[in-house]
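Visitor: Sequential numbering of the sequence shown, starting at 4, is according to the numbering used here. The structure is given below, and queries will be raised subsequently.
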Amino acid sequence: MAGESRRATIKSKLATDYQVSVSALAKQLGVTEETIRRDLEKLEAEGFLNRTYGGAILNTSNQKLNAPFYKRQTLLVEEKRKIARNVMPLLEDKSVIALDSSSTSLEVAKLLKDRDDLVILTNSVAIFGEFVDSRATIVSTGGQFDSGTFSLVGESARESLSKYRVDVMLFSCKGIDENGEVLDSREDESEVKRAMFKQAGSLVLLADHSKFNRSTFVRLTDLSGVDYLVTDQEPSDEWKRRCEEFGVSLIH
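Shown next as structure tokens:
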């Protein structure tokens, strides 16, 4: 199969599944894994995808669309679960925790639901579902329901947050660029996150390895405003130095 045809097939699969693996594509298209890696490099240069360890995910911000929540739940699942496990020690002595509407925060919620000493503040409808049988106290921001993200957004959600104070807020993002800017792709959700930041004693950023050196168009904060960065694998020496410069504690 010619290169253009291969890359068209990869684009089609990404548009449907939002992620691909090098090994599966090589087998499907009858070429070497190195050929697939070169194809992914070209598609990344075009802005169509972001390469990850062993594959790639659709660059939804560049395509001017956002993966629905149920799709995001299926991406990099083991990485998100590892991040959730890694962050648990930080939460042992915390009793009031804010969680954003990210799929990574949902994995954290799954590990917290058996604690009966917690108050959870969130705008995530999916997280509400995790705590149906829990003895923890769940506080909703209220707001307008966004069916694509399973979250509550809007002015009423932002305004309600001024009534609360939390020990720690956990949030994710779409990317962290080389300047230490923490970025997202949806303004409505970003506004709710920024309102949560103001009410939190400390901020914990949950970001898998695919988020590093990735840029999108909505600024959340920069790393100087983050207390902890929790990820799924050891970052490069350059990123270790960058976190140290910004005063961020790195956990992996």
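Yeah, the Cβ is synthetic: ideal placement off N, Cα and C, and Gly gets one too.
Can you say whether R245 is buried or exposed, counting buried as having 16 or more other CB atoms within 10 angstroms of its CB?
Guide: Taking the first residue of the sequence shown as position 1, residue 245 is located at position 242. Counting Cβ neighbours within 10 Å, R245 comes out buried, since at least 16 surround it.
Visitor: According to the neighbour-count rule (16 or more other Cβ atoms, all chains shown, within 10 Å of its Cβ), is N216 buried or exposed?
Guide: In the sequence shown, residue 216 corresponds to position 213, counting from 1. So N216 counts as exposed.
Visitor: Would DSSP call Q31 helix, strand or coil?
Guide: For this step, residue 31 is matched to residue 28 along the sequence shown. In this structure, Q31 counts as helix in the three-state DSSP scheme.
Visitor: Do you know whose CA, among D180, C176, V195, S188, lies nearest S143's CA?
Guide: In the sequence shown, the residue the question calls residue 143 occupies position 140. Closest option to S143, Cα to Cα, is V195.
Visitor: Taking all protein chains shown into account, do 16 or more other C-beta atoms lie within 10 angstroms of the C-beta of E110, making it buried, or fewer, making it exposed?
Guide: The sequence position of residue 110 within the sequence shown is 107, counting from 1. Taking every protein chain shown into account, the CB of E110 has 16 or more other CB atoms within 10 angstroms, so this residue is buried.
Visitor: How long is the line joining the alpha carbons of D225 and S188, rounded to whole angstroms?
Guide: To locate residue 225, count along the sequence shown from 1; it is residue 222. To locate residue 188, count along the sequence shown from 1; it is residue 185. Near 15 Å, if we compare the C-alpha coordinates of S188 and D225.
Visitor: Would you be able to state if there are at least three C-beta pairs under 8 Å between the segment 166-184 and the segment 200-211?
Guide: Yes, since at least three Cβ pairs between the segment 200-211 and the segment 166-184 fall closer than 8 Å, the two stretches touch.
Visitor: I need the straight-line Cα distance from S239 to L253, nearest angstrom please.
Guide: Within the sequence shown, numbered from 1, the residue matching residue 239 stands at position 236. Within the sequence shown, numbered from 1, the residue matching residue 253 stands at position 250. Each residue's alpha carbon lies about 12 Å from the other.
Visitor: Where does L114 fall in DSSP's three states?
Guide: Here residue 114 is taken as the residue at index 111 of the sequence shown, counted from 1. Here L114 sits in helix by DSSP.
Visitor: Considering only the alpha carbon of each residue, which of K97, L17, I100, D235 lies closest to S213?
Guide: On the sequence shown, position 210 is the one that residue 213 refers to. Closest by alpha carbon: D235.
Visitor: Once you ignore the five residues that flank E36 on each side, which residues in its own chain have a CB closer than 6 Å to its CB?
Guide: Within the sequence shown, the letter at position 33 stands for residue 36. So the qualifying residues of the chain are V25, A29.
Visitor: List, from N- to C-terminal side, the beta strand (DSSP E) runs of 3 residues or more that fit wholly inside the segment 162-237.
Guide: Assignment of beta strand (DSSP E) within the segment 162-237, counting only whole runs of 3 or more residues, yields 169-174, 184-187, 203-209, 221-225, 231-233 in chain order.
Visitor: Using the Cα positions of E44 and R54, report the straight-line distance between them to the nearest angstrom.
Guide: Taking the first residue of the sequence shown as 1, we reach residue 44 at position 41. Taking the first residue of the sequence shown as 1, we reach residue 54 at position 51. Roughly 8 Å separates the two Cα atoms.
Visitor: Which residues in the same chain have their Cβ closer than 8 Å to the Cβ of S108, if we skip the five residues on either side of it in sequence?
Guide: As a working note, residue 108 is residue 105 in the sequence shown. Counting only Cβ-Cβ distances below 8 Å, and skipping sequence neighbours, we find L102, T125, S127, I130, L173, F174, S175, L209.
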